[in-house]
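The working numbering runs 12 ahead of the 1-based position in the sequence shown.
Backbone N, C-alpha and C fix where the C-beta goes; we use that ideal spot for every residue, glycine too.
A short worksheet on the structure shown next.
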Amino acid sequence: MFTEGEGLVEKSVGPGFRRYQKKNPRHISTPLRHLALRLENLHLTRIFSALSSLLLIFTLLSFYWDYTGREEQRTVNAWQLLASQAPGNSGKKEALEYLNRKGESLIGIDLSSHLDANPNSSGPYFYNLKLEDATLENSALEKAVILSSEFINTNVTHADLSSISVSRSNFVEFKASGANLSNSSFTSSELVSAKFMGANLNDSLFFKTDLRDTDFAHSEVKRANFHKVNLSGSNLFLAKFHDTKLRDVSLVNANLEFTDLKRAMLVNVDFTEDESSLYDEKTCSILQKAFDWQHAVRDEAIACGERIPPTTSSTPDFNNKTLTDEDFSYGLLDRKEFIGSNLTNSNFDFARLKRAKFNDADLANVSFIAANLSEASFTDSNLVNAEFYEADLSGAYFLRVDFTEDPATLYDEKTCEKLRDSFNWHLAIRDEELACGKSIPSFPVLPLDD
13 MFTEGEGLVE KSVGPGFRRY QKKNPRHIST PLRHLALRLE NLHLTRIFSA
63 LSSLLLIFTL LSFYWDYTGR EEQRTVNAWQ LLASQAPGNS GKKEALEYLN
113 RKGESLIGID LSSHLDANPN SSGPYFYNLK LEDATLENSA LEKAVILSSE
163 FINTNVTHAD LSSISVSRSN FVEFKASGAN LSNSSFTSSE LVSAKFMGAN
213 LNDSLFFKTD LRDTDFAHSE VKRANFHKVN LSGSNLFLAK FHDTKLRDVS
263 LVNANLEFTD LKRAMLVNVD FTEDESSLYD EKTCSILQKA FDWQHAVRDE
313 AIACGERIPP TTSSTPDFNN KTLTDEDFSY GLLDRKEFIG SNLTNSNFDF
363 ARLKRAKFND ADLANVSFIA ANLSEASFTD SNLVNAEFYE ADLSGAYFLR
413 VDFTEDPATL YDEKTCEKLR DSFNWHLAIR DEELACGKSI PSFPVLPLDD
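Here you go:
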């Protein structure tokens, strides 16, 4: 029973207060509160509470250890994939990108090991490869094919990148000092501010490529081909551009100091910022800072008071002609024919005469010092007192050639001495009398045209 006052209170609070009592523990009935407090004070309850916290910690740690283990295993798998000898991509793109993101050192990796077993197979293939701040020093990427990729601030110092093919890619701040890039090709790509100091770029190709502010100092760029390339602001200090073709190229503000331009070809090269002209009054002074600039084939407008060497396309037919005392030095005369011509006392020093034909020609007293005569033919020619010092005779043809003034013989004791002064003389096709202690290669009787 309750008193009249308590009844009035109970009736006055209404159902809302009762719902509040259910939600607020302070309004739980006194016996239930006492039971909850007693359970809370029990040691067993406290132990279970502590154990639940420990279980949560162990769960979090197990998740971390599992994640770490998986990442370590993924890293191991990525390295194993890069070390595999499978050609093409084979997941190597993803492995490279993953290891680079993880900050793994990529120094010395070999992605061309499969070429050891099969040199004729293709190299690794990368499409849309993205590497930023990667270090690939002393790595091997021989014959790699790289398409639509980004190498930002990537370091390939002293790496083997020979015969790589790069197309539609961005190689900004590319560091390739001392790297081997021989026979490489870069097409429709960007290499702004690239570093090629001391690199080997022999026989390389650059087509429609941006090479602004690139550093080629002390590099070897022999027999390379630059076509529709921007080299403005580049540093060519002491670089060797022997036999290199520069066509439709910008050299505005480029440093040509001590650049070796021996037998280089400069066609439609832009030296000035004036859009209406390729050359101005300063062009000759810029060009004359280079070594052997006067021995480069160049436009008439930049003859700069010196003779321009002859080329195959600029010279007429020389068969059965009298061309005594002519100067063909430093000429680019590959495949040129001088059959049956009189060339006595002429000068072919440092000329390029690959597969040229001197059959039945009079070459008495002709100088071929340091000329490239690979696969040239001298069959039935007169070479009395001709000079071949340091000329390249690999694959040249010396059949029934007269080296002596003695009408009774074609050769004498001095002939072998003269041949030995040249390079690769033992690789020349020659008569048995000119064996000179070396075996004679077995080749076709006459060089074949391509």
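DSSP, read as helix, strand or coil, puts residue 358 in coil.
Under the three-state reduction of DSSP, residue 397 is assigned to coil, being neither helix nor strand. By the neighbour-count criterion, in which 16 or more other beta carbons inside 10 Å mark a residue as buried, residue 85 falls on the exposed side. No residue range can be given for residue 345, since it is assigned to no beta strand (DSSP E) and is classified by DSSP as neither H nor E. By the Cβ neighbour-count rule, residue 112 is buried, with 16 or more other Cβ atoms within 10 Å of its own. In the structure shown, the three-state DSSP call for residue 87 is helix. Judged by their CB atoms, residue 244 and residue 259 are not nearer to each other than the 8 Å cut-off.
Remark: C-beta atoms of residue 235 and residue 222 do not approach each other more closely than 8 Å. Taking residue 199 as reference, the option from 230, 161 and 365 with the minimal CA-CA separation is 161. For the beta strand (DSSP E) assignment, the uninterrupted runs of no fewer than 3 residues enclosed by the stretch 112 to 169 are, from N- to C-terminal side, 137 to 139, 142 to 144, 157 to 159 and 162 to 164.
Here residue 269 has 249 and 301 as same chain residues with Cβ atoms under 7 Å from its own Cβ, once five neighbours each way along the sequence are excluded. In this chain, residue 179 is not harboured by any alpha helix (DSSP H); it is covered by the beta strand (DSSP E) spanning 177 to 179. The stretch 267 to 281 and the stretch 354 to 361 do not touch, with fewer than 3 CB-CB distances between them shorter than 8 Å. Scanning the stretch 277 to 323 for uninterrupted beta strand (DSSP E) segments of 3 residues or longer gives 277 to 279, listed from N- to C-terminal end. In this structure, the straight-line span from the alpha carbon of residue 253 to that of residue 202 is close to 21 Å. Straight across, the Cα-Cα distance linking residue 387 with residue 401 is about 17 Å.
With a cut-off of 8 Å on Cβ pairs, the stretch 393 to 413 is in contact with the stretch 377 to 385, counting three or more such pairs. For residue 431, the uninterrupted alpha helix (DSSP H) segment begins and ends at 427 to 432. With fewer than 16 other Cβ atoms from the protein chains shown falling within 10 Å of its own Cβ, residue 92 counts as exposed.
If you compare the alpha carbons of 361, 384 and 390 with that of residue 370, the shortest gap goes to 390. Residue 345 is a Cβ neighbour of residue 322, given a cutoff of 8 Å. The straight-line gap separating the alpha-carbon atoms of residue 415 and residue 166 is approximately 57 Å. The closest CA to that of residue 257, considering only 278, 240 and 274, is found on 278.
Across the set 328, 438, 120 and 365, the C-alpha of 365 shows the shortest separation from the C-alpha of residue 275. In the three-state reduction of the DSSP assignment, residue 232 falls in the strand class, which pools E and B. Residues 452 of the same chain have their beta carbon placed closer than 8 Å to that of residue 444, with the five preceding and five following residues left out of the count. DSSP, read as helix, strand or coil, puts residue 423 in coil. Cβ-Cβ separation between residue 171 and residue 149: approximately 7 Å, consistent with a contact (criterion under 8 Å). Nearest to residue 230 by C-alpha distance, out of 218, 238, 219 and 212, is 212.
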